[in-house]
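When we follow our numbering, the leftmost residue of the sequence shown carries the number -17, and every step to the right adds one.
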Amino acid sequence: MKKLALLALLALELAVCGCGTSGAPSNTTNTQATGNWEAQLTGGTEQASLLNFVTTFTVTNSGPLSVTGFGFFNAGSCFATGTNAETVTGNASFTTSSTNTVTGTLTLTVTSATNGSVLTLGTPAPATLTGTSNGTTTTTGSLSNGIVVGQWSLSPGSNVTGCNSASGNFIMCQGEATCTPTTSAAAIKKPE
């Protein structure tokens, strides 16, 4: 009889403890970054000072960027221009707070398909990404007012005339030619 009572008590405990643990609502707001981003680079000399560009990508919360467009405004001799002249890859990782403030990091690498020059944004440390989201815990929001601030470096490819190794700072604005970074995003370290 004691064994039966103990078994019944154990079954009741398992039933009570199991209630309410599945299907708990998520407290995470997902945000997707999309659209055109215009990058303005400072620093560099000669041809390495001509590397401003626009890119189009999509990413949700974190992971590799899905790059669907890229073009230099004036690449000079460091990069060729035209279709498939560069390979563009990148990663982002960001979170959305309960007040819909988005913060995180981003890196982007542009590699010339013709001469091997490599432009890296977010080096030596990932660049700072900030913005706002209109998402909720039940819907994926869209990033707006996106700004990326950080450092860049250029490694010229072989036999590239007038293109020197260079580094500097950059700002990348979502959907705008110019933008103003937040105080925390603007506090970036100067290249050494």
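Backbone N, C-alpha and C fix where the C-beta goes; we use that ideal spot for every residue, glycine too.
| Check | Outcome |
| --- | --- |
| Evaluate Pro46 with the Cβ neighbour count: other Cβ atoms within 10 Å of its Cβ, from every protein chain shown; 16 or more gives buried, anything less gives exposed. | exposed |
| How about Thr10 and Asn82: do their beta carbons lie closer than 8 Å? | no |
| Roughly how many angstroms separate the alpha carbons of Ser175 and Ala30, rounded to a whole number? | Outside the displayed range of the chain (-17 to 174) lies residue 175, so it cannot be described from this structure. |
| Can you confirm whether the segment 134 to 141 touches the segment 83 to 102 when touching is taken to mean that 3 or more C-beta pairs between the two stretches lie within less than 8 Å? | yes |
| List the whole-angstrom C-beta distance separating Asn151 from Gln133, where the pair is believed to meet the contact cut-off of C-beta under 8 Å. | 6 Å |
| With DSSP collapsed to three states, give me the class of Ala30. | helix |
| Answer yes or no: do Val36 and Leu88 have a C-beta to C-beta separation smaller than 8 Å? | no |
| Quick check: what's the CA-CA separation for Leu111 versus Thr118? | 20 Å |
| Of the residues Thr122, Gly113, Pro106 and Thr120, which one's Cα is nearest the Cα of Met154? | Gly113 |
| As a quick exercise: from Cys161, Ser135 and Ser126, pick the residue whose alpha carbon is nearest that of Gly17. | Ser126 |
| Answer yes or no: do Ser44 and Ser75 have a C-beta to C-beta separation smaller than 8 Å? | yes |
| Going by DSSP in three states, Cys155 sits in which element: helix, strand or coil? | strand |
| Quick one: is Glu68 buried, meaning 16 or more other Cβ sit within 10 Å of its Cβ, or exposed? | buried |
| Of all the options Gly157, Ala15, Thr102 and Thr91, which has the alpha carbon lying nearest to the alpha carbon of Thr71? | Thr91 |
| Which class does Lys172 belong to by DSSP, given the choice of helix, strand or coil? | With a pLDDT of 40 at Lys172, under the threshold of 50, the modelled position of that residue is not reliable, and no figure is offered here. |
| Return helix, strand or coil for Asn18, following the three-state DSSP convention. | strand |
| For Gly2 and Gly86, what's the separation of their Cα atoms in angstroms? | Unreliable positioning characterises Gly2 in this predicted model, as indicated by a pLDDT of 48, which lies under 50. The coordinate reading is nonetheless provided below. Straight-line Cα distance between these residues: approximately 33 Å. |
| In this structure, how does DSSP classify Thr63 when only helix, strand and coil are distinguished? | coil |
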